[in-house]
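A.B. asks: One structure is given below, represented as structure tokens, and several questions about it will come after.
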Amino acid sequence: MGALETVTVAMVAGALRVSTPFLFVSLGECLTERSGRINLGNEGVLVLGAMVAYATSYHTGNPWLGVVAGAIAGALLGAVHGGVCSLARVNDVAMGIAIMLAGTGIAFFFGKPYVQPVAPQLPRLPLGFWASAPPVKSALSVSPLFFIGLAAAFAMHWFFRATRMGLRVRIVGDSADAARALGLSIDRIRLFATAAGSALAGIGGAFLSLSYPGSWNEGLSSGQGLMAVALVVFARWNPLNCVIAALIFGAAGALGPSLQTVGVTKGYYLFYAAPYVVTLVILAATVRPGRALRGMPGELSIGR
Amino acid sequence: MLSRRSLLSGAAAGGAALTLGGGLRPAQAATLTIGFIYVGPKDDYGYNQAHAEAAAMLKKMPGVKIVEEEKVPETDDVEKTMESMIQLDGASLLFPTSFGYFDPYMLRTAKKYKKVQFRHCGGLWTDKDPMNTGSYFGYIGMGMYLNGIAAGYASKSKKLGFVAAKPIPQVLLNINSFTLGARSVNPGITTQVIFTGDWSMPVKEAEATNSLADQGVDVVTMHVDGPKVVVETAERRGMYVCGYHANQAALAPKGYLTGAEWNWITVYKMFLADAQGGKALPNFVRGGLAEGFVKMSPYGPAVSAEARKHIDAIKAEMMKGGFAVIKGPLKDNKGALVVPAGTAYPETAIQLESMNYLTEGVLGSIS
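Protein chains in written order, with this note's numbering: chain A, 1 to 304; chain B, 1001 to 1367.
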């Protein structure tokens, strides 16, 4: 294979391997923010979800139970965030940081005994069965969670567009006054949206520990949860855009290692910064000064 | 800001004066408090675990109290940790185990607490540094050379991979030793190195291992803090893997060839014996396979009888002392002569601790 093909295959493979946690966390954050609340705590949820999923898979021998447990742990932590933020004069950004620290702290504390053991991993779908080249075969061995994430993105898109409940979430997120006039329970809807969003982030964590890289340790997330929160802005609060944003990030993340294997070895620190450069460029190209971001829910505390 | 800082340093200096001058800590002959500081979690299947396992063994010995702190960054934080171990726990011997702790943090703290002994893992101590400091390290490059021989026999594609954190001298020596070991079996072998940029980056380490596999690399080894992810990913991709820091055979029952492991308890027992016997601790301690500072993992099932024989023979030669992996004529991977013919650097050579090149046969660059 030529150098260009190698890098291309590596980036496609990277997109399919690395994007899933970004996808789940950004979808979860998208749901939460569309209800008018920010949850920076999803970084903590991601780490806690990873730990709980790994521990559950290790004890029960069933990785899918681990995914469920990761989602439940995420939902609980999200419910704490949602509950506290519904009290008067609580700032959701500050509370989110507290949740982030609490989530990682709890995960590190209870995760100690699970750093060494090896837990059963999620299976992968061998979609590359037709290919003869091993790199292609391995690139196309994709976790079913990736497809579940895709399905979730389309489901969420439909939920916002076509369902009564989705409309309620949007109203609560765009104008609290309108929601009150309609007699909607703002706090309850936001609590639900935050808990459900964090459950998705917890599944993202389960992917990290049970599929790729597929091991629990304390450096596992290295800030991916926070990046995913930024991706939501990048995706303009649209679930389908979240898929594209997550894929771009995954592909850009594979650039550094794959360029080194084909002999582009100078300046690898720069290639590692590629995902962030891409974000900056796209944001700079699409934002106009003096105007609120297109698609931003009106009730978000950073927008008011 | 200025006033707060000066207030704080004044308070610290006052505290130091009190402890030293006021004799708050009378000589405690009975128990010796030893502080261990790790940069990462102490159960990382790697560098920190190798130290922590030795610390746990030390803890069982009579007259010793161990205080530990993990995940201490290589910043001002380590100074605070050292101060609190000295002031609050009464530690009189400290082992800051991460490379970046040495200069300036440990040296600065050592000047402040002259009665406390500091021994750093991996630093390059010289006689210009305070006499209550020192450094110790093991010649694990020798183990990497043996890893390379095992890899050279196991590889079919003649392409090896090395997942490395940062291009510091010890890492470069390991990459070069691994490559030279493999090329001693077959001079056509190359090693592709990938730098991840930091000591613990699980996703990047997995990506690096995968892209090596995609390139046809069939034996991989690593120098990162926690080799677990690389070893597991390699096993999943059907590659062979050589371990580092600790024994990772359990993580790759099929592909694990052998591994270069630390055996720190030898070093710590030696320091402890000197401290308890009232002798001055040595400032500069180095040792390799012969001294028991470093050991090899037992062979995995994929190591052929021929490879075992070859490795055992070279190992026996290393045990005699004086074996040189880095010897002239040696070119770097840009074609420049880095070691002239007739010059050989055995493991003890101080020149190896400032290595700044990748040898011929390594694909990669350090900047």
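Quick reminder that beta carbons are idealized off the backbone N, C-alpha and C, glycines included.
Closer than 7 Å by beta-carbon distance: list the chain B residues that pair up with A/ALA10, in chain order.
C.D. replies: What A/ALA10 touches in chain B: SER1211, ASP1214.
A.B. asks: Expressed to the nearest angstrom, what Euclidean distance is found between the alpha-carbon atoms of A/ALA230 and B/ALA1302?
C.D. replies: A/ALA230 and B/ALA1302: Cα-Cα distance of roughly 46 Å.
A.B. asks: Which chain B residues are close to A/ALA137, counting only those with a beta carbon under 9 Å from its beta carbon?
C.D. replies: First, the amino acid is wrong: residue 137 of chain A is Lys here, not Ala. Result: empty, since nearest Cβ-Cβ is about 10 Å, beyond 9 Å.
A.B. asks: Skipping 5 residues on each side, what residues in its chain have a beta carbon closer than 6 Å to that of B/ALA1341?
C.D. replies: Same-chain partners within the cutoff: GLY1328, PRO1329.
A.B. asks: So what does DSSP say about B/TYR1240, is it helix, strand or coil?
C.D. replies: Strand.
A.B. asks: For A/ARG17, does the three-state DSSP call read helix, strand or coil?
C.D. replies: Three-state DSSP puts A/ARG17 in a helix.
A.B. asks: For A/ILE38 and A/VAL115, what's the separation of their Cα atoms in angstroms?
C.D. replies: Roughly 31 Å between the two C-alpha positions.
A.B. asks: Just to confirm the assignment: which complete alpha helix (DSSP H) runs, minimum length 4, are found wholly within the segment 56–113 of chain A?
C.D. replies: For the segment 56–113 of chain A, whole alpha helix (DSSP H) runs of length 4 or above, ordered along the chain, are 63–85, 92–111.
A.B. asks: For my contact list, B/GLU1232 and B/GLY1255 are in at a C-beta cut-off of 8 Å; report their separation, rounded to the angstrom.
C.D. replies: The pair is not a contact, with the Cβ atoms about 10 Å apart (cut-off 8 Å).
A.B. asks: Go through its chain and collect everything with a Cβ distance to A/ALA316's Cβ below 7 Å, but skip five positions before and after it.
C.D. replies: Residue 316 of chain A lies beyond the residue range present for chain A, which begins at 1 and ends at 304; the question has no answer from this structure.
A.B. asks: Which same chain residues end up closer than 6 Å to A/LEU140 when comparing Cβ atoms and leaving out the 5 residues on each side of it in sequence?
C.D. replies: LEU127, GLY128, listed in sequence order.
A.B. asks: Given that a residue counts as buried once 16 or more other Cβ atoms are within 10 Å of its Cβ, and exposed if not, what is A/GLY219?
C.D. replies: Looking at its Cβ environment, which holds 16 or more other Cβ atoms inside 10 Å, A/GLY219 is buried.
A.B. asks: Near B/ILE1034, what residues of its chain come up, given a Cβ to Cβ distance below 6 Å and the 5 sequence neighbours on each side ignored?
C.D. replies: Hits under 6 Å: ILE1066, LEU1093.
A.B. asks: By how many angstroms is the C-alpha of A/ARG168 removed from the C-alpha of A/ARG188?
C.D. replies: Going by the C-alpha atoms only, they are around 11 Å apart.
A.B. asks: For the putative contact between B/VAL1163 and B/VAL1224, defined by C-beta atoms under 8 Å, what is the C-beta separation to the nearest angstrom?
C.D. replies: Indeed they touch by this definition, with Cβ atoms about 6 Å apart.
A.B. asks: For A/TRP216, does the count of other Cβ atoms within 10 angstroms reach 16, so buried, or fall short, so exposed?
C.D. replies: By the neighbour-count rule (16 or more Cβ atoms within 10 Å), A/TRP216 is buried.
A.B. asks: Have a look at A/VAL90 and A/GLU299 and give me their C-alpha separation to the nearest angstrom.
C.D. replies: Each residue's Cα considered, the two are about 14 Å apart.
A.B. asks: Using the rule of at least 16 other Cβ atoms within 10 Å of the residue's Cβ for burial, across every protein chain shown, is B/GLU1347 buried or exposed?
C.D. replies: It is buried - the Cβ of B/GLU1347 has at least 16 other Cβ atoms within 10 Å.
A.B. asks: Counting only C-beta atoms, is B/LYS1204 closer than 8 Å to chain A at any point?
C.D. replies: Cβ-Cβ to chain A under 8 Å: yes for B/LYS1204.
A.B. asks: Say whether chain B places a C-beta atom closer than 8 Å to the C-beta of A/VAL47.
C.D. replies: Chain B, which has no Cβ nearer than 8 Å to the Cβ of A/VAL47, makes this no.
A.B. asks: Name, please, each residue of chain B whose Cβ falls closer than 8 Å to the Cβ of A/ASN42.
C.D. replies: Under the 8 Å cutoff, chain B gives no residues; its nearest Cβ is about 17 Å from A/ASN42.
A.B. asks: Three-state secondary structure (DSSP) at B/GLY1287?
C.D. replies: In the structure shown, B/GLY1287 sits in a strand (DSSP, three-state: E or B).
A.B. asks: Report yes if the C-beta distance between B/LYS1228 and B/GLN1215 is below 8 Å; otherwise report no.
C.D. replies: Contact flag unset, no.
A.B. asks: Run through DSSP, which three-state label would B/GLN1028 get?
C.D. replies: Residue placement at B/GLN1028 is poorly supported in this model, since its pLDDT is 46, which falls under 50; the coordinates are not used for a value here.
A.B. asks: My output table needs one value for B/GLN1215: the three-state DSSP class, helix, strand or coil.
C.D. replies: Note: B/GLN1215 maps to coil in three-state DSSP.
A.B. asks: Taking the alpha carbon of B/LYS1060 as the reference point, which residue from B/TYR1268, B/SER1155, B/GLY1287, B/GLY1300 has its own alpha carbon closest?
C.D. replies: Looking at the Cα atoms, B/TYR1268 is the closest of the given residues.
A.B. asks: Please list the partners that A/VAL278 has in chain B, where partner means a Cβ-to-Cβ separation under 8 Å.
C.D. replies: The contacting residues do not exist; A/VAL278 stays about 17 Å from chain B at best.
A.B. asks: Looking at the structure shown, is B/ASP1332 part of a helix, part of a strand, or coil, going by DSSP?
C.D. replies: It is a strand residue.
A.B. asks: Starting from the beta carbon of A/THR104, find every residue of chain B whose beta carbon is closer than 7 Å, and list them in chain order.
C.D. replies: Simply none; closest approach about 12 Å.
A.B. asks: Between B/LEU1058, B/PHE1095, B/GLY1100, B/ALA1054, which has its C-alpha nearest B/ASP1076's C-alpha?
C.D. replies: Comparing Cα-Cα distances from B/ASP1076 to each of B/LEU1058, B/PHE1095, B/GLY1100, B/ALA1054, the minimum goes to B/GLY1100.
A.B. asks: Taking DSSP as the reference, what is the three-state secondary structure of B/TRP1262?
C.D. replies: Strand.
A.B. asks: Compare the Cα-Cα distances from A/VAL136 to each of A/ARG236, A/PHE159, A/ALA228, A/GLY14 and report the closest residue.
C.D. replies: Among A/ARG236, A/PHE159, A/ALA228, A/GLY14, the Cα nearest to that of A/VAL136 is on A/GLY14.
A.B. asks: So, helix, strand or coil for B/LYS1320, using DSSP?
C.D. replies: B/LYS1320 falls in the helix class under three-state DSSP.
A.B. asks: Return the chain-ordered list of same chain residues with a C-beta closer than 7 Å to the C-beta of A/MET100, the five sequence neighbours on each side being excluded.
C.D. replies: Correct list, in chain order: LEU40, GLY41, GLU43, GLY44.
A.B. asks: With distances taken between CB atoms, is the gap from B/GLY1292 to B/THR1258 smaller than 8 Å?
C.D. replies: No, Cβ-Cβ distance for B/GLY1292 and B/THR1258 is not below 8 Å.
A.B. asks: Determine whether the Cβ of A/VAL232 lies closer than 8 Å to any Cβ atom of chain B.
C.D. replies: With 8 Å as the cut-off, A/VAL232 does not count as an interface residue toward chain B.
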